[in-house]
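Working notes for the structure below.
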Amino acid sequence: RDNYYACHFVGRALYNDSIAQYSLAKVYLTKSAIKLNDSDDQYDLAFLSPEDKEATEWLEMAANNNPSKYSLKVADLFRNGIKGGMKPDSSRAGKYYKEAINRNVGTSDDFLRIGHYFLKGDGVSISKDTAYDCFKKGADQGNPDGAALVCIMYENGEISGYSFPEKYYIQAANARRDYSSHFCWNLAVHYLRNAGDTSVYDYNRAADYFEKAGTPEGRENAAKIRKAVREYEERQREIERQRQQAQNNDDN
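Per the numbering used here: the sequence shown = residues 135 to 386.
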């Protein structure tokens, strides 16, 4: 009697493996998927559709209707295909992975694996910039492995137009992982190269990260920098003392 909510629940019952009336389930789920615009039914109908075109249409309906829930799931299906049904589609996989990235849909592990897909061209077209964005999103969710991958891509020159990713170097350097020593060293070098002539702030940061690198050369560099900073500060104090004394003499 055109009760499409009833169609939804009957279709769900028939789709259950314990009943497994799949052809009849498709009839009822199709009604609720269209009339109620039910994204869950649209998604599941892809598994009941043997033709690529039909399955693709259902998946795109689900992803467009409820992107926060289905953009990533749909992307995975387009990348892998459906056993006994829809074949993989790298173009659509890339499209919906990017949709998921833009909407920040997924865990940090999701972003790291998607980043590797785009980095290697695994089931999607290669896009270094997209991989870089994925790794950053993984790092921003607290995964230091994402930060390390951001830094590695920067060091390897795999992306262009990006400045030194200091935030991610700090995250990877402080992660206490096997790779942290490497990023401590490179971060220290960065601070040392960019240190100004009149401020000891970056020199101290360089010394800190050379020391955190945990190598004999790192500790030696840290000691030399700290010695130079002490000597500089002593000279500045002496200059200030002499200036003050000269001022006092002029006042007298």
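All residues carry an ideal CB built from backbone N, CA and C; glycine is no exception.
For residue i, the first and last residue of its enclosing alpha helix (DSSP H)
i	result
Q305	E300 to A307
Q378	P350 to D385
N137	No alpha helix (DSSP H) contains N137, which DSSP labels as neither H nor E.
N320	S314 to N328
Y177	S173 to L179
V334	Element bounds for V334: n/a, residue is neither H nor E.
I153	Run containing I153: none; DSSP gives neither H nor E here.
Y266	K262 to D274
A281	P278 to E289
Rounded C-alpha distance that separates residue i from residue j
i	j	result
P350	S314	16 Å
N200	A167	13 Å
R146	L163	7 Å
S225	G215	12 Å
K207	D178	11 Å
R360	W319	16 Å
E368	E345	23 Å
K358	Q376	27 Å
Near the ligand HEM: residue i beta-carbon under 6 Å from a heavy atom
i	result
A147	The ligand content of the structure shown is nil, which means the ligand HEM is not present either.
Within-7 Å CB hit, residue i to chain D
i	result
A356	In the displayed structure, chain D is absent; only one protein chain is listed.
Cβ-Cβ separation, residue j to residue i (assumed contact under 8 Å), whole Å
i	j	result
A234	F212	No, A234 and F212 are not in contact; Cβ-Cβ is about 12 Å, not under 8 Å.
Y296	Y288	7 Å
A197	Y230	6 Å
Residue i burial status per 10 Å Cβ neighbour count (16 or more: buried)
i	result
T190	buried
Q176	buried
D267	buried
R237	exposed
Q305	buried
K106	The requested residue 106 does not occur in the structure, where the chain is confined to residues 135 to 386.
Practice task
Starting from the N-terminal side, write out each stretch of the beta strand (DSSP E) that is 3 residues or longer and does not extend beyond the region 190-254.
Solution key: With a minimum length of 3 residues, no continuous beta strand (DSSP E) run stays inside the region 190-254.
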